[in-house]
Structures are given as C-alpha cells and as structure tokens.
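Engineer: Take the position in the sequence shown, starting the count at 1, then add 6; the result is the number in our numbering.
Every residue, glycine too, gets a C-beta built ideally from N, C-alpha and C.
Treat the numbers as computed from the prediction; the structure is a model and nothing was measured.
Questions regarding the structure given below will be posed in turn.
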Amino acid sequence: MESTQTLLEIRDRLDVIDKEITGLYKKRMDLCAEVAETKIKSGKAVFDPAREAEKLDTVSSYLESDFDKKSIRELYQQMMTISRRLQLAILARHGKSYDTGYKKIGTRNKLGKRAVYQGVEGAYAHIAARQCFGNDADLTNVKTWKDAADMVKEGKADYAVLPIENSSHGVVSDNFDLLIKYPELAIIEEVDLKVEHALMSVEGAELEGIKAVYSHPQALGQCSSFFDEHPDITPVATANTAVAAKLVKERGDKSIAALASEESAELYGLTVLQRSVNKEKTNTTRFIIIGREKTYTDDAKKISLCFETAHRPGALYNILGNFIFNDVNMTMISSRPVPERPFEYRFFVDIEGRLDMPDVINALSGMVDQVTELSILGNY
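Written as structure tokens, this is what we have:
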C-alpha cells in the first residue's frame with residue numbers, strides 16, 4: 007500500500023510540473039507569433055539556422071550529463087520546428103505562402119492532342135494510352151521512355167504515357183529518374199491498368215517445348231512463380247512486353263515464347279499457351295501522363311513530390327513531420343540514389359490534396375527550409 011501511495015504522489019508532482027511546462031510552452035508560442043509578425047514587416051526568413059544552432063548549444067550547456075544534453079537538444083529541435091510551422095501559418099494568412107509554380111485551371115481538354123508511348127502496338131502503355139485518350143486518339147510509339155519524354159519536351163507530342171509503379175513488383179525506377187531529368191514536364195493524370203500476362207508463342211508451339219521466355223523485366227518479375235515452377239525455362243529481358251511478342255513472331259521459333267497482353271497475341275498472330283501467368287490477380291500497373299503544363303484542376307487529389315535531404319540523422323523524420331503536423335496523408339514513398347553523391351538518396355512521395363489547400367501549402371512551406379532540393383512533379 008505504501009509503494010502505491012508513493013507512486014500516486016510522484017504522479018501528482020509530475021502533473022504539477024506538466025501544467026507548468028504547458029503554461030511556459032504557450033507563452034513561448036505566443037512570443038513566436040510575435041516574431042512572425044515582425045518577420046512579415048522586415049521580410050526576414052522564418053528559418054534562421056545560425057540562431058537555432060546557437061539556441062541548441064545554449065540550452066544543452068545548462069545540463070550536465072550527456073544523456074540530458076542530447077535529450078534537451080532533441081526537445082528543443084522539436085519545439086523550434088513547431089515554432090516555424092506556427093510562423094509559416096501566420097505568414098500564409100498574410101499572403102506570404104510558398105509559391106508552387108503551378109496554376110489552377112477549370113478543365114483539361116485532351117481532344118485532338120497527340121500522345122506518345124514506349125513500345126509497339128499491344129504494349130500495356132499503348133493500352134493505357136487508349137484508356138486515357140480514347141481508341142481514336144492520335145497515338146505515336148517510340149523505342150524508349152526517354153524518347154517519349156524528349157518528344158513532349160520538344161513539342162512533337164502533347165503528352166507521354168509512362169509506367170511508374172506496379173502493385174506487385176514495385177516502382178519503375180528509371181521513370182522516376184526521368185521526372186528529375188525533365189523539370190519542365192509535369193504529371194497531369196494517372197491511369198491504373200489491370201495487368202494479366204499471357205504466355206504466347208508461334209502456332210504449333212507447346213509449353214513443354216519452351217526453353218526461353220522474353221518480356222520486360224517488370225513482367226518477368228511479376229511472373230517469378232512461373233519460372234520457379236519451370237526452372238528449365240530461361241527468362242530473357244526485352245525493352246517491352248509487346249516488343250517481346252513481335253520478336254517471337256518474327257523468329258518463328260517454337261522453343262521461345264513471350265509474356266505480354268492477350269491483345270499482343272491477337273495483333274501478332276501468336277497462340278496463347280497459358281493465360282494469367284502472374285499469380286497475383288489484382289496485379290495493376292500505374293501509368294502517369296506527363297505534359298508541359300504545370301497546372302491542376304478542381305478534381306485533383308494527389309500531389310507527387312521529390313526532395314533531397316541533408317545527410318544527417320533525423321533529416322527525413324523531420325521533413326515527414328510536416329505532413330503529420332498538417333494532417334496531410336502520405337500514400338507512397340520511394341527512394342532513389344543520387345548519382346553524383348554515392349550512398350545519398352532522393353525521395354519520391356505522393357500525398358493527398360490539392361496545391362491550393364492551406365494544409366498542403368503549410369506542409370510544403372515547412373519542408374522548404376529543411377530540404378536541399380524540392381520539386382513538385384504534378385498535382386492530378
């Protein structure tokens with residue numbers, strides 16, 4: 007009974023201290039609000055790294071042990087981050103928010119526009135392009151995804167259709183890299199396409215006689231269980247699923263097959279040896295439509311971002327905290343190496359929202375001072 011009473015007494019004392027801390031926190035935030043008002047008049051930036059570093063050194067000097075010094079620095083880093091968010095919100099109310107570089111439009115007219123995709127007829131990108139622009143659309147095919155981006159950049163096409171992510175085999179990393187290499191382009195729409203790979207070969211071929219299967223690396227990966235079941239069959243990577251089907255037709259070899267859409271089998275006169283080779287029946291590929299317009303519409307609901315962080319502990323944690331603090335939901339995060347800086351990474355993130363929403367603007371405003379690079383890839 008005595009130990010229980012002692013615990014209760016300690017908790018009561020903690021409650022008193024917590025109330026004092028809460029009161030002091032409120033006073034500190036009120037002063038930070040006053041700081042924001044002065045910064046509006048002076049035009050001074052919200053983030054002052056030299057001042058924050060000085061403050062961290064000062065508060066840690068008040069304590070003795072290494073644990074306490076490290077803990078108080080972490081506590082004050084969080085408090086100063088919250089202070090910046092408060093100041094940014096105040097600046098936003100005065101019309102001094104982050105400029106996204108994007109313009110809101112009423113509707114997007116895709117009639118009469120020219121779209122380009124990688125591969126040949128029957129490729130999943132071709133099917134996605136028709137799904138987006140219609141069966142009678144002006145569609146052009148090229149050899150590589152880079153060629154597609156080049157055509158849009160040079161004005162030879164209005165839009166390009168690129169695969170960006172598969173539900174069972176992850177991101178198409180090369181196309182993430184393309185989005186960075188072409189900053190003048192932006193995502194304006196996405197298309198989700200259910201993908202079912204069929205195994206096909208020339209007339210007279212049989213599954214038992216197949217020695218090699220050609221397809222895009224993503225398709226081969228999505229059908230890995232097939233190769234586990236048939237260890238004598240060699241997977242061979244090609245630039246595209248429909249390109250693989252065309253290759254099998256041209257070679258006329260009964261010992262090779264392709265993994266592609268059934269539409270490819272019809273187009274190239276191939277026989278389907280096995281349907282739905284990928285075991286994951288919900289297998290879906292997300293395609294993005296990129297164009298030269300940095301615009302968004304009223305029905306936009308997703309924002310794609312890319313950012314780079316300082317190479318130090320807690321950098322990513324602090325950046326993602328901007329989404330949490332502003333109730334912005336993050337739906338995807340992926341990382342890619344920064345080629346010119348070994349073992350450092352840039353991050354690709356999808357969040358829900360529209361670029362004229364205050365919570366989104368506040369989150370982006372908070373990120374600006376915490377990242378080394380920030381790009382808005384599209385709002386669609």
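Give a yes or no on contact between the region 177-189 and the region 141-157, applying the rule of three or more CB pairs nearer than 8 Å.
Structural biologist: Verdict: yes, contact present.
Engineer: In angstroms with no decimal places, state the Cα-to-Cα distance between residue 117 and residue 162.
Structural biologist: The sequence position of residue 117 within the sequence shown is 111, counting from 1. The sequence position of residue 162 within the sequence shown is 156, counting from 1. One C-alpha to the other measures close to 16 Å.
Engineer: Quick check: the region 83-101 against the region 207-219, are there 3 or more CB pairs under 8 Å?
Structural biologist: The region 83-101, when compared against the region 207-219, does not touch it at the 8 Å Cβ threshold.
Engineer: Figure out for me which residue from 15, 72, 119, 271 has the closest Cα to the Cα of residue 396.
Structural biologist: Residue 396 falls outside the range modelled here, since the chain spans only 7 to 386, and no answer is possible.
Engineer: Output yes or no for whether 8 Å exceeds the beta carbon distance between residue 336 and residue 355.
Structural biologist: Against the sequence shown, residue 336 aligns to sequence position 330. Against the sequence shown, residue 355 aligns to sequence position 349. Yes, these two residues count as a Cβ contact at 8 Å.
Engineer: Hey, would you say residue 109 sits closer than 8 Å to residue 192, going by beta carbons?
Structural biologist: Counted from its first residue, the sequence shown places residue 109 at position 103. Counted from its first residue, the sequence shown places residue 192 at position 186. Not a contact, by the Cβ cut-off of 8 Å.
Engineer: Counting C-beta neighbours from all protein chains within 10 Å, is the total for residue 349 16 or more, i.e. buried, or is it exposed?
Structural biologist: Mapped onto the sequence shown, residue 349 falls at position 343. By the 10 Å Cβ count, residue 349 comes out exposed.
Engineer: First and last residue of the beta strand (DSSP E) that includes residue 198?
Structural biologist: Here the question's residue 198 lines up with position 192 in the sequence shown. Segment 192-200, the beta strand (DSSP E) holding residue 198.
Engineer: Can you check which of these residues, 260, 56, 219, is closest to residue 375 by C-alpha distance?
Structural biologist: Here residue 375 refers to the residue found at position 369 of the sequence shown. The shortest C-alpha separation from residue 375 is found at 56.
Engineer: Leaving out the 5 sequence neighbours to the left and right, which residues in its chain are closer than 7 Å to residue 364 when beta-carbon positions are compared?
Structural biologist: Here residue 364 is taken as the residue at index 358 of the sequence shown, counted from 1. 98, listed in sequence order.
Engineer: Can you determine whether any heavy atom of the ligand MN sits closer than 7 Å to the C-beta of residue 361, and answer yes or no?
Structural biologist: The ligand content of the structure shown is nil, which means the ligand MN is not present either.
Engineer: Is it true that the CB of residue 82 sits closer than 8 Å to the CB of residue 370?
Structural biologist: Counting from one through the sequence shown, the residue named residue 370 turns up at place 364. Counting from one through the sequence shown, the residue named residue 82 turns up at place 76. Not closer than 8 Å, so no.
Engineer: When the Cα atoms are used, what is the spatial distance from residue 261 to residue 144?
Structural biologist: Within the sequence shown, numbered from 1, the residue matching residue 261 stands at position 255. Within the sequence shown, numbered from 1, the residue matching residue 144 stands at position 138. Approximately 37 Å, taken between the alpha carbons.
Engineer: Using CA coordinates, which residue listed in 255, 287, 280 is at the minimum distance from residue 228?
Structural biologist: Taking the sequence shown and counting its residues from 1, one reaches residue 228 at position 222. Residue 287 is the option with its Cα nearest to residue 228.
Engineer: Among 266, 68, 89, 71, whose alpha-carbon lies nearest the alpha-carbon of residue 58?
Structural biologist: Within the sequence shown, numbered from 1, the residue matching residue 58 stands at position 52. When only C-alpha atoms are compared, the closest one is 89.
Engineer: According to the Cβ coordinates, are residue 226 and residue 237 closer than 8 Å?
Structural biologist: Within the sequence shown, residue 226 is the residue found at index 220, counting from 1. Within the sequence shown, residue 237 is the residue found at index 231, counting from 1. Not closer than 8 Å, so no.
Engineer: Alpha carbon to alpha carbon, what distance is there between residue 309 and residue 358?
Structural biologist: The residue you call residue 358 lines up with position 352 of the sequence shown. The residue you call residue 309 lines up with position 303 of the sequence shown. So the alpha carbons of these two residues sit roughly 6 Å apart.
Engineer: Go ahead and pull the three-state DSSP assignment for residue 283.
Structural biologist: Position 277 of the sequence shown, counted from the start, is the residue given in the question as residue 283. Note: residue 283 maps to coil in three-state DSSP.
Engineer: In the DSSP assignment, what residue or residues form a beta bridge with residue 142?
Structural biologist: Within the sequence shown, the letter at position 136 stands for residue 142. Answer is none; residue 142 lacks a bridge partner.
Engineer: Suppose you measure from the CA of residue 325 to the CA of residue 377; what does that come to, to the nearest Å?
Structural biologist: Position 319 of the sequence shown holds residue 325. Position 371 of the sequence shown holds residue 377. Cα to Cα, residue 325 sits roughly 8 Å from residue 377.
Engineer: Enumerate, from N- to C-terminal direction, the unbroken beta strand (DSSP E) stretches of 3 or more residues contained entirely within the region 63-136.
Structural biologist: Qualifying beta strand (DSSP E) stretches, in chain order: 120-124.
Engineer: Return the bridge partner residues of residue 171 from the DSSP annotation.
Structural biologist: One-based indexing of the sequence shown puts residue 171 at position 165. In the DSSP output, where bridge partners are listed per residue, residue 171 has 177, 292.
Engineer: Excluding five sequence neighbours on each side, which residues of the same chain lie with their C-beta closer than 6 Å to the C-beta of residue 328?
Structural biologist: As a working mapping, residue 328 is identified with position 322 in the sequence shown. Result list for residue 328: 369, 372, 373, in chain order.
Engineer: CB-CB under 6 Å to residue 1, same chain, minus the five flanking residues each way: which ones, in chain order?
Structural biologist: Here the chain covers residues 7 to 386 and nothing more, so residue 1 does not appear.
Engineer: Pick out whichever of 206, 353, 331, 269 has its Cα sitting closest to the Cα of residue 183.
Structural biologist: As a working note, residue 183 is residue 177 in the sequence shown. Checked all of 206, 353, 331, 269; the closest Cα to residue 183 is 353.
Engineer: Name the DSSP beta bridge partners of residue 220, please?
Structural biologist: Mapped onto the sequence shown, residue 220 falls at position 214. DSSP output for residue 220 lists 242, 264 as bridge partner(s).
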